[in-house]
Each structure stands twice: as C-alpha cells, then as structure tokens.
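Report on one structure; see the data block that follows.
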Amino acid sequence: MKSLQVAAALLLLLFFGHSLARAITFSVHNKCPISIWPATAPNTGHPVIAGGGFYLPPGQTQRFEAPKTWNGRIWARTGCNFTSNRQPACETGDCDGRLQCNGLIGTPPATLVEVTLQGDTGKPNFYDVSLVDGYNLPVSVATRPFSSKCSIGSCSKNLNNLCPQELEVLNKDGEVIACKSACLAFNIDSFCCRNDYGTPEKCKPTMYSKMFKDACPSYYSYAFDMPPPLVNCASKEYVITFCPSAWGADQASI
Ligand SMILES: *[C@@H]1O[C@H](CO)[C@@H](O)[C@H](O)[C@H]1NC(C)=O
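Note that the numbering used here has the sequence shown beginning at 3, numbered continuously upward.
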C-alpha cells in the first residue's frame with residue numbers, strides 16, 4: 003500500500019514537473035512552394051525537441067513544445083528522400099540521412115534560427131537568424147501575439163538567385179539550392195572571425211557578408227555583425243515561418 007502511494011506521488015510529480023517544464027510553444031509554418039523537413043538540435047545539456055525533425059508540406063503548420071529554458075537551433079531541410087538509402091538524404095541541412103536529427107546539427111549551409119530560452123529565470127529569451135554558415139531558405143520569427151519589436155523579418159531578395167558562383171551549392175539538376183557563407187566556402191580567419199580576426203574590431207564586413215546583409219537585413223550576415231541582430235522578448239509562443247513571402251519580397255509572385 004505504502005509503495006503504491008509513493009508510486010502515485012512520483013507519477014503526480016512527474017506529470018506536474020513535465021507540464022511545468024514544457025512551457026514554450028514553437029509553431030513552424032511552411033509557406034514555401036516546396037516541401038520542407040524542419041529540424042531541431044539542442045545545445046549541449048538540453049533535450050531533443052519535436053523529435054529532432056519532421057516533414058512539413060507546403061501550407062502546413064506544426065506546433066511543438068520546448069522546455070522554458072531550452073537552447074538550440076531550428077532549421078529546415080530541403081530536397082529530402084528518406085525512403086532510399088541515399089546519403090545525404092536531403093539536398094540541404096541534412097543530419098546523417100535521418101528524418102529525426104536526434105541531437106545532430108545539419109550540414110551547412112542552412113539558414114539557422116538560434117534560440118536561447120531562459121524561461122522565468124528572470125533573464126530574457128534571445129533569438130536570432132544566422133547566415134554565418136550560409137543560407138538555404140528565408141525565414142521569419144515572431145511572437146504570438148505579434149509585436150513588431152519582437153519579430154525578425156525575412157529576406158527582401160532570394161539569396162540563392164544572387165549567390166556568387168564561388169559560394170553556390172547546386173543540386174543534381176544544376177539548380178542553386180543554397181549559398182555558402184564566405185567562411186564556409188573559404189575557411190579563412192578573416193571571413194570566419196577567428197585568431198587574429200577574433201574580435202568585432204578586427205573582423206569587418208566583407209563583400210560577401212554585405213551581399214547577405216543587403217538580401218536579408220535582419221539576419222546575422224557574419225559572426226560579428228554589428229549591431230547584433232539579436233531579439234530579446236518574452237513570449238509563450240514563437241512563430242517560425244519559412245518563405246513568409248515565397249522566396250523573398252522580389253519573388254512574391256512565386
Ligand atoms: C526516393 O527514392 C526512391 C528510391 O531511390 C525512389 O524510388 C523514389 O521515387 C524517391 N522519391 C522521391 C519523392 O523522389
């Protein structure tokens with residue numbers, strides 16, 4: 003009898019603890035004209051959320067929850083086929099050929115939504131969109147209810163159309179499906195902001211990062227982008243929309 007009571011108390015505690023911890027909702031919306039496979043990867047010490055990845059056809063939304071102190075990244079994969087044994091399974095953002103990334107990050111380049119939730123620790127929630135490793139899709143982030151100061155706008159141009167040849171990622175049909183950052187493409191300190199270039203004073207915008215900034219002004223175009231395009235807003239729900247205006251405002255007719 004006693005052990006039954008203990009078990010019941012433990013179950014209650016688990017249930018209560020669970021509902022307390024899972025406090026933030028992400029709503030991921032696919033407004034792209036193509037299917038995407040959104041993915042999540044936690045930073046060290048944080049759990050996998052949304053199973054690590056899922057399929058999202060055009061026009062669909064998926065909601066999932068995260069512990070209120072979750073840290074990690076959310077991105078979208080394109081051109082996936084998980085039924086074959088093809089590796090990688092996705093043309094962009096692939097994580098070891100798996101549908102559910104299970105803690106693995108994606109292969110760059112992919113546009114990253116980076117999130118630092120701090121719940122009710124008295125510290126704010128931070129989020130940004132990063133092109134530091136490159137770009138695959140445009141994305142916007144907003145709170146629900148919407149507040150303009152809490153939102154990260156999408157791109158005004160389709161970076162895949164503007165991508166310089168030396169940064170292009172092509173699929174087997176020769177279409178540009180992603181655009182590497184200069185750091186990813188050339189792996190040199192001045193583009194990657196490391197070693198002698200490891201401070202904001204030393205690591206300056208380049209022709210490449212300026213092109214990213216021009217197309218997607220609300221994103222990190224390189225590691226020390228100034229002012230930091232970091233948003234700090236508390237909300238119970240964040241809406242992440244891929245291709246909010248098709249591929250970019252200049253492509254609104256797609
Ligand atoms: C996925 O790959 C399999 C095996 O190669 C193929 O038969 C199928 O047509 C592919 N599916 C799509 C949607 O391309």
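Ideal Cβ positions, reconstructed from N, Cα and C, are used throughout, including at glycine. Note that the structure is predicted; figures quoted are calculated from it, not measured.
Requested in this report: Tell me where the alpha helix (DSSP H) around residue 158 begins and ends.
Outcome: Neither: residue 158 is in no alpha helix (DSSP H) and is coded neither H nor E.
Requested in this report: Using the Cα positions of residue 133 and residue 186, report the straight-line distance between them to the nearest angstrom.
Outcome: Whole-angstrom Cα-Cα distance: 10 angstroms.
Query - Sequence ranges, beta strand (DSSP E) only - wholly within the region 31 to 83, length at least 3 - result: Annotation note: the region 31 to 83 contains the following uninterrupted beta strand (DSSP E) runs of length 3 or greater, listed N- to C-terminal: 39 to 44, 63 to 69 and 73 to 79.
**Report entry** Exposed unless 16 or more other CB atoms sit within 10 angstroms - verdict on residue 148
**Finding:** It counts as exposed.
Query raised in the report: Is there at least one non-hydrogen atom of ligand 1 closer than 7 angstroms to the beta-carbon of residue 80?
Result: With a cutoff of 7 angstroms, residue 80 does not count as near ligand 1, since its C-beta is closer than that to no heavy atom of the ligand.
Query - Burial state of residue 151, where buried means 16 or more other Cβ atoms lie within 10 Å - result: Classified as exposed, residue 151 has fewer than 16 neighbouring CB atoms from the shown chains inside 10 Å of its CB.
**Report entry** Residue list, Cβ distance to ligand 1 heavy atoms smaller than 5 angstroms
**Finding:** Ordered along the chain, the selected set is 83, 85 and 86.
Query raised in the report: Within this structure, are the beta carbons of residue 60 and residue 90 separated by less than 8 angstroms?
Result: Not closer than 8 angstroms, so no.
**Report entry** Cβ-Cβ separation, residue 180 to residue 210 (assumed contact under 8 angstroms), whole Å
**Finding:** Between residue 180 and residue 210 the Cβ distance is about 14 angstroms, and since that is not below 8 angstroms, they are no contact.
Requested in this report: Taking residue 74 as the reference, give the member of 190, 244 and 50 with the closest Cα.
Outcome: Comparing alpha-carbon positions, the option among 190, 244 and 50 lying closest to residue 74 turns out to be 50.
Report task. Would you kindly check if the distance between the Cβ of residue 37 and the Cβ of residue 57 is under 8 angstroms? Result -> Yes, these two residues count as a Cβ contact at 8 angstroms.
Query raised in the report: So, using beta-carbon positions, are residue 72 and residue 48 closer together than 8 angstroms?
Result: Against a cut-off of 8 angstroms, the Cβ pair of residue 48 and residue 72 comes out as a contact.
Requested in this report: Mind checking which residues open and close the alpha helix (DSSP H) that includes residue 129?
Outcome: Going by DSSP, residue 129 is part of no alpha helix (DSSP H) but of the beta strand (DSSP E) stretching over 128 to 132.
Query raised in the report: Where does residue 203 land, buried or exposed, given buried means 16+ other C-beta within 10 angstroms?
Result: Residue burial is scored here from C-beta neighbours: residue 203 has fewer than 16 other C-beta atoms within 10 angstroms and is therefore classed as exposed.
Query raised in the report: Taking contact to mean at least 3 C-beta pairs separated by less than 8 angstroms, is the region 123 to 133 in contact with the region 186 to 199?
Result: Counting Cβ pairs under 8 angstroms, fewer than three are found: no touch.
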